[in-house]
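Structure, as structure tokens:
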Amino acid sequence: MIKKVHLIAAARPNFMKIGPLYHAMKSDVDLEIRIVHTGQHYDANMSDSFFTDLALPDPDYHLGVGSGSHAEQTGRTMIEYEKVLVQDRPDLVIVVGDVNATVACAMVAVKCHTPVAHLEAGLRSRDRRMPEEINRVLVDSIADLLWTPSEDADRNLSEEGVERTRIERVGNIMIDSLEMKRRAIESNQIVSELNLSERRFFVATLHRPSNVDCRDKLSAIVEVLVDVAKLAPLVFPLHPRTRGALTEAHLLDRLMRVEGVYLLEPLSYEAFMRLVMAARLLITDSGGIQEETTYLGIPCLTMRENTERPVTISQGTNKLTRVENLLEDVVHITENSEFRRPVIDLWDGKSAGRVRSSARRFLGLSDIQGVGASEPVQSAIG
Ligand code: UD1
């Protein structure tokens, strides 16, 4: 009997995770895949462009939840998703990452006795001031199947008392997206369009509430970025939260006047990854970018007190920093660091196949020989 699977996507970092999964699962004759877009991110450049770049079809369901406080977003997502779930009755709900919809949809499914699998399970920053940390802890405590990216995530779950049988290490799905799209990324023209030279510019992305919601902190960050841009051009695609905060604090004008700062709208996946591949270093507070830079061997300075992705520091190119040290760190890296590509177990572009095999086993379907764990998602769509 065909098993119905819901893939839940809500916000920008989710789309790269469901992309390879959709492509790995859609060709499986035993599975019927339905994409549910909750609508947490809705702008063309925060959502639609990712569906286009990742060759994803229009979502089967669009919940239109939009923006709001955490309670509003989470509550509205639960109300809307419950209607879909009760009507469509999936056999498995797959949630990814750590956004509000991840925990909202997991809660709805579990209470309707529908199995839930969490992709990117087990990551912990141990910083409960981060909304994403709360989402991570909650979803992992209720999901039936926990797909982890790395050994530290397995350990975190075991320490929280999660039974070993619920945990399966599948690797890092973001690397699948990158490899799936590598050809298209490498032929993207953004570097020449902006008149930049390979390895002679920096890229910054910031959107965490801890960096952008406090006016004094944001103002201090802006002043350091102005100094950083004196060393080399600084490309800064603005997340809507960040643009809003800069505008409100009258800091947008300040940045716009600085030569060497390129303020851009949020970029498509292909254009952004092209910039990452060509950059001298990244300055970020994103989760995913810490992993992508590690995989590509590009130095990354993360403007946070902690990270839920410690493997990017212990084995990768990532370093935590703070506003007081940022300029010094940028100078140090620019003058000293060599590029090196670490090899991290199961960050190999084959995670989607492993997820699919695991989902089949969980749903009581036999493993397909020759397909699955060893198969990378084809880069043909690139
Ligand atoms: C959310 C996630 C975060 C993720 C980030 C990636 C949570 C708790 N946070 O944070 O984990 O790293 O997405 O981008 O789920 N907005 C737009 N257009 C959009 C989307 C948002 O203008 O398409 C505006 C909203 O009106 C709001 C702000 O951006 O004012 C923040 O959006 P929101 O989804 O609340 O949180 P993010 O900061 O994007």
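Using the working numbering, read the sequence shown as starting at 40 and increasing by one per residue.
Glycine included, each C-beta is placed from N, C-alpha and C at the ideal position.
All of these numbers come straight from a predicted model, not from anything done at the bench.
Since Tyr61 is in the alpha helix (DSSP H), which residue starts that stretch and which ends it?
-> Arg51 to Lys65
Contact set for Leu294: own chain, Cβ-Cβ below 8 angstroms, skip 5 residues either direction | Val261, Leu264, Val265, Phe275, Leu285, Val300 and Leu302
Rounded separation between Glu111 and Leu70 - CA only | 33 angstroms
Quick one: what does DSSP say Leu235 is sitting in, helix, strand or coil?
-> coil
Nearest CA to the CA of Ala271: which residue from His289, Glu287, Leu245 and Ser236?
-> Ser236
How would you label Gly409, buried or exposed, when you count the other beta carbons within 10 angstroms and need 16 or more for buried?
-> In this prediction, Gly409 has a pLDDT of 47, which is less than 50 and means its spatial position is unreliable; nothing more can be read from the coordinates.
Using only the heavy atoms of ligand 1, determine whether one of them is closer than 7 angstroms to the beta carbon of Val138.
-> yes
Within 7 angstroms: the Cβ of Gly283 and any heavy atom of ligand 1?
-> yes
Distance CB(Ile181)-CB(Met316) smaller than 8 angstroms | no
Inside the stretch 342-400 only - beta strand (DSSP E) runs reaching at least 3 residues = 357-359
Measure the C-alpha to C-alpha separation of Met85 and His62 and round it to an integer number of angstroms.
-> 21 angstroms
Can you name, in chain order, every residue of its own chain whose Cβ lies under 7 angstroms from the Cβ of Gly136, other than the five neighbours on each side?
-> Pro52, Asn53, Lys56 and Glu159
If Ile352 sits next to Thr346, beta carbons under 8 angstroms apart, how far is it from one beta carbon to the other, in whole angstroms?
-> 7 angstroms
Nonlocal neighbours in the same chain, by C-beta distance under 7 angstroms from Leu124, ignoring five residues either side = Val147, Ala148, Cys151 and Thr153
Buried versus exposed call for Ser430 [16 or more other C-beta atoms within 10 Å across all chains shown] | This structure leaves residue 430 out entirely; the chain is present only between 40 and 421.
Under the criterion of a Cβ to heavy atom distance below 7 angstroms, does Tyr120 qualify as lining ligand 1?
-> no
Looking at C-alpha atoms only, which residue of Arg380, Lys65, Leu162 and Arg296 is the closest neighbour of Asn195?
-> Leu162
Within the stretch 153-238, ranges of the beta strand (DSSP E) (whole runs, at least 3 residues) = 155-158, 184-187 and 206-208
Nonlocal neighbours in the same chain, by C-beta distance under 6 angstroms from Arg238, ignoring five residues either side = Arg319
8 angstroms Cβ cutoff met for Leu273 and Ala243 = yes
Those runs of the beta strand (DSSP E) which lie wholly inside the stretch 230-304 and span at least 3 residues = 241-244, 273-276 and 300-303
Report back the beta-carbon spacing between Val132 and Val104 to the nearest angstrom; my notes put them in contact at under 8 angstroms.
-> Incorrect: roughly 16 angstroms between the Cβ atoms, too far for contact.
Helix, strand or coil for Arg319, going by three-state DSSP, please let me know.
-> coil
Terminal residues of the beta strand (DSSP E) in which Tyr73 lies = Per the sequence shown, the amino acid found at residue 73 is Arg instead of Tyr. Where Arg73 is concerned, the enclosing beta strand (DSSP E) stretches over Leu70 to His76.
Same chain, Cβ closer than 6 angstroms to Val178, neighbours up to 5 away in sequence not counted = Thr141, Val142, Ala145 and His157
For Ile337, which residues does DSSP report across the bridge?
-> Answer is none; Ile337 lacks a bridge partner.
Outcome for Gly403 when other beta-carbon atoms lying within 10 angstroms are tallied against a minimum of 16 = exposed
Inter-residue spacing [alpha-carbon to alpha-carbon] between Ala50 and Glu374 | 36 angstroms
Candidates Phe240, Thr332 and Arg313: which alpha carbon is nearest Arg222's?
-> Arg313
Put His80 into one of helix, strand or coil per three-state DSSP.
-> coil
Give a yes or no on whether the C-beta atoms belonging to Leu46 and Ala391 are separated by under 8 angstroms.
-> no
Hey, Glu207 and Ser397: beta-carbon distance below 8 angstroms or not?
-> yes
Selected residue, minimal CA-CA separation from Ile372, among Leu385, Asp183, Ile337 and Ile229 = Ile337
Min CB distance Leu184 to chain D below 8 angstroms | Absent from the structure: chain D. Only one protein chain is present.
Excluding the five sequence neighbours on either side, which residues of its own chain have a C-beta within less than 6 angstroms of the C-beta of Pro381, listed in chain order?
-> Gln354 and Gly355
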